[in-house]
Amino acid sequence: MRGKFITLEGMDGAGKSTHIPEIITALESRGFEVVNTREPGGTPLGEGLRRILLHEAMHPETEALLMFAARREHIAQVIEPALARGAYVVSDRFSDASFAYQGGGRGVTAEKLELLESWVHPDLQPDLTLLFDVPVEVSVQRLANARSPDKFEQESVAFFTKIRNAYLSRAAKSPERFRVINSNQPKDRVKQLLLDIVDTL
1022 MRGKFITLEG MDGAGKSTHI PEIITALESR GFEVVNTREP GGTPLGEGLR RILLHEAMHP
1082 ETEALLMFAA RREHIAQVIE PALARGAYVV SDRFSDASFA YQGGGRGVTA EKLELLESWV
1142 HPDLQPDLTL LFDVPVEVSV QRLANARSPD KFEQESVAFF TKIRNAYLSR AAKSPERFRV
1202 INSNQPKDRV KQLLLDIVDT L
């Protein structure tokens, strides 16, 4: 039986990474093999590209191309093999992030991103996408405490506003896949919401 593909999305500072261990524990407690991964990254090549993408200035389209290049390797080396053997894959970001960051934030057209998506993973979409949503000012306030912010975390309020709007627009277009989580509330409440959703898988 093929496994399930779960992705976590949201602006920097939305709190998604905090809850990944809880999701993994909940799935493993039910006897599933869980592969925890991230984008950009997930493979040696992807992690190398991650260091470049998070810290080097570049043209927006170059950024988009490198994101999808790392994603192609990630799918081939990690995601597809795990799903084929029945594992659950939990990924911190996937292609929705490209539509939000490179599309909404950087202005790369949806047509170009859709072309890359159809080339890199024409038959693969997450079974469930958890979108962690907070007001932009909350995200910015949380990031103010970051020790070594990357180039995305140092962006303007206007940039994060575009990202949030792009994420919410994408979620509205695929309501069967997305669950929007209000993460501007106590962590215990967010945790319970997540566990209730994961229990239905």
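In terms of the working numbering, the sequence shown is numbered consecutively and its last residue is 1222.
Positions of the beta carbon are idealized from the N, C-alpha and C atoms, including for glycine.
Here the structure is a predicted model, which is why all the values come from computation and not from measurement.
- [ ] Can you give me the Cβ contacts of Val1159 inside the same chain, cut-off strictly under 6 angstroms, excluding the 5 residues immediately before and after it?
- [x] As a first step, residue 1159 must be located in the sequence shown, where it is residue number 138. If we look at Val1159 and ignore the five residues flanking it on each side, its Cβ neighbours are Asn1205.
Task: Beta-carbon separation (whole angstroms), Glu1138 vs Ser1116, contact threshold 8 angstroms - done: Position 117 of the sequence shown holds residue 1138. Position 95 of the sequence shown holds residue 1116. About 5 angstroms separates the Cβ atoms of Glu1138 and Ser1116, confirming a contact at the 8 angstroms cut-off.
- [ ] Evaluate the contact criterion for the segment 1211-1218 versus the segment 1043-1052: three or more CB pairs, one atom per stretch, below 8 angstroms.
- [x] At 8 angstroms Cβ cutoff, the stretches touch.
- [ ] Could you please give the first and the last residue of the uninterrupted beta strand (DSSP E) stretch that includes Leu1066?
- [x] Position 45 of the sequence shown holds residue 1066. Per DSSP, Leu1066 belongs to no beta strand (DSSP E); it is in the alpha helix (DSSP H), 1065-1076.
Open item on the list: For a minimum of 3 consecutive residues, which ranges assigned as the beta strand (DSSP E) are wholly contained in the segment 1141-1205?
Closed with: Secondary structure within the segment 1141-1205: the beta strand (DSSP E) runs of 3 or more consecutive residues, fully enclosed, are 1149-1154, 1199-1203 (chain order).
TODO: Could you tell me the boundaries of the beta strand (DSSP E) in which Arg1051 lies?
DONE: The residue given as residue 1051 occupies position 30 in the sequence shown. That residue, Arg1051, is in no beta strand (DSSP E); it is neither H nor E in DSSP.
Open item on the list: One question on the structure: do Asp1171 and Leu1104 come within less than 9 angstroms of each other, judged by their Cβ atoms?
Closed with: As a position in the sequence shown, residue 1171 is number 150, starting the count at 1. As a position in the sequence shown, residue 1104 is number 83, starting the count at 1. No, the pair does not count as a contact, with Cβ atoms beyond the cut-off.
TODO: Please look up how many angstroms separate the CB atoms of Thr1028 and Ser1112, rounded, as I've assumed it's under 8 angstroms.
DONE: On the sequence shown, residue 1028 is found 7 positions in, with the first residue counted as 1. On the sequence shown, residue 1112 is found 91 positions in, with the first residue counted as 1. Between Ser1112 and Thr1028 the Cβ distance is about 5 angstroms, and since that is below 8 angstroms, they are a contact.
- [ ] Under the assumption that Ile1184 contacts Met1032 (Cβ atoms under 8 angstroms), give the Cβ distance between them as a whole number of angstroms.
- [x] Working through the sequence shown from its first residue, we reach residue 1184 at position 163. Working through the sequence shown from its first residue, we reach residue 1032 at position 11. Yes, Ile1184 and Met1032 are in contact; Cβ-Cβ is about 5 angstroms, under 8 angstroms.
Open item on the list: Please identify the residue among Arg1114, Lys1025, Phe1053 whose C-alpha is closest to the C-alpha of Lys1037.
Closed with: In the sequence shown, the residue the question calls residue 1037 occupies position 16. The option with the nearest alpha carbon to Lys1037 is Arg1114.
Task: For Thr1028, the first and last residue of its enclosing beta strand (DSSP E) - done: Counted from its first residue, the sequence shown places residue 1028 at position 7. Its beta strand (DSSP E) spans residues 1026-1031.
- [ ] Answer with buried or exposed for Arg1191, where buried requires no fewer than 16 other C-beta atoms within 10 angstroms of its C-beta.
- [x] By 1-based counting over the sequence shown, the position of residue 1191 is 170. Arg1191 is buried by the Cβ-count criterion.
TODO: Count the CB pairs spanning the segment 1092-1106 and the segment 1057-1069 that are closer than 8 angstroms, and state whether there are at least three.
DONE: Short answer: they touch.
Task: Pair within 9 angstroms by beta-carbon distance, Leu1189 and Asp1148 - done: In the sequence shown, residue 1189 corresponds to position 168, counting from 1. In the sequence shown, residue 1148 corresponds to position 127, counting from 1. Their beta carbons are not under 9 angstroms apart, which means Leu1189 does not touch Asp1148 by this criterion.
Task: Pair within 9 angstroms by beta-carbon distance, Arg1226 and Val1161 - done: Because residue 1226 is not part of the residues shown, which for the chain are 1022 to 1222, the question remains open.
- [ ] Using the Cα positions of Thr1130 and His1080, report the straight-line distance between them to the nearest angstrom.
- [x] As a working note, residue 1130 is residue 109 in the sequence shown. As a working note, residue 1080 is residue 59 in the sequence shown. Spanning the two alpha carbons is a distance of roughly 13 angstroms.
Open item on the list: Going by DSSP in three states, Val1211 sits in which element: helix, strand or coil?
Closed with: Mapped onto the sequence shown, residue 1211 falls at position 190. DSSP, reduced to helix, strand and coil, places Val1211 within a helical segment of the structure shown.
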